[in-house]
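Reading the sequence shown from the start, the letters are residues 8 to 112 in my numbering.
Positions of the beta carbon are idealized from the N, C-alpha and C atoms, including for glycine.
Read the structure below first, then the notes.
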Amino acid sequence: MIKLVQKHLIKFNHKNYSVIDKLGFLSKNLYNCAVYLNRQVFFSHQPFLTMTELHHALKMSPDYQALPAKVSQLVLKQVEKTFKSYQKAKEQYKKSPDKFTGEPK
């Protein structure tokens with residue numbers, strides 16, 4: 008399967024640089040908050056939070072509200088996908104550890 012990718016380089020002197028930089032910063036903050044919440048439930052041996060649970064936990068945060076709703080939801084979706092991927096890797100490791108170079112941490 009081939010995936011096409013576009014790369015846009017936005018330089019400091021671009022007219023929209025400051026807006027794009029601020030949105031990227033807000034997106035990073037929201038992602039880190041969602042990861043933090045999922046790590047906390049992981050350490051307390053509870054199931055990972057779903058995108059809906061993350062939404063309800065973070066919908067009043069300034070980072071979530073400052074971003075467009077579609078972007079905020081995509082960030083939370085990515086966090087959910089990351090933790091599901093980790094969970095699947097851990098299960099696969101338990102079934103056949105020889106496929107991995109080390110245990111998922």
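Residue i in three-state terms, based on DSSP
{"i": "Pro104", "result": "helix"}
{"i": "Lys97", "result": "helix"}
{"i": "Phe90", "result": "helix"}
Span of the alpha helix (DSSP H), counted from its first residue to its last, around residue i
{"i": "Gln47", "result": "Tyr24 to Phe50"}
* Take every Cβ of the segment 71-88, pair it with every Cβ of the segment 25-36, and state whether three or more of those distances are shorter than 8 Å. => The segment 71-88 and the segment 25-36 touch, with no fewer than 3 CB-CB distances between them shorter than 8 Å.
* Asked: Enumerated in chain order, which unbroken segments of the alpha helix (DSSP H) with a length of 4 residues or greater are wholly contained in the segment 52-84?
  -> Every unbroken stretch of the alpha helix (DSSP H) spanning 4 or more residues and falling wholly within the segment 52-84 is given here in chain order: 58-65 and 69-73.
* **At least three beta-carbon pairs within less than 8 Å, the segment 62-69 to the segment 36-50** => Remark: three or more beta-carbon pairs, one from each stretch, lie closer than 8 Å, so the segment 62-69 and the segment 36-50 are flagged as touching.
* the segment 87-96 touching the segment 39-56, judged by at least three CB pairs closer than 8 Å -> Under the Cβ criterion (8 Å, minimum of three pairs), the segment 87-96 counts as touching the segment 39-56.
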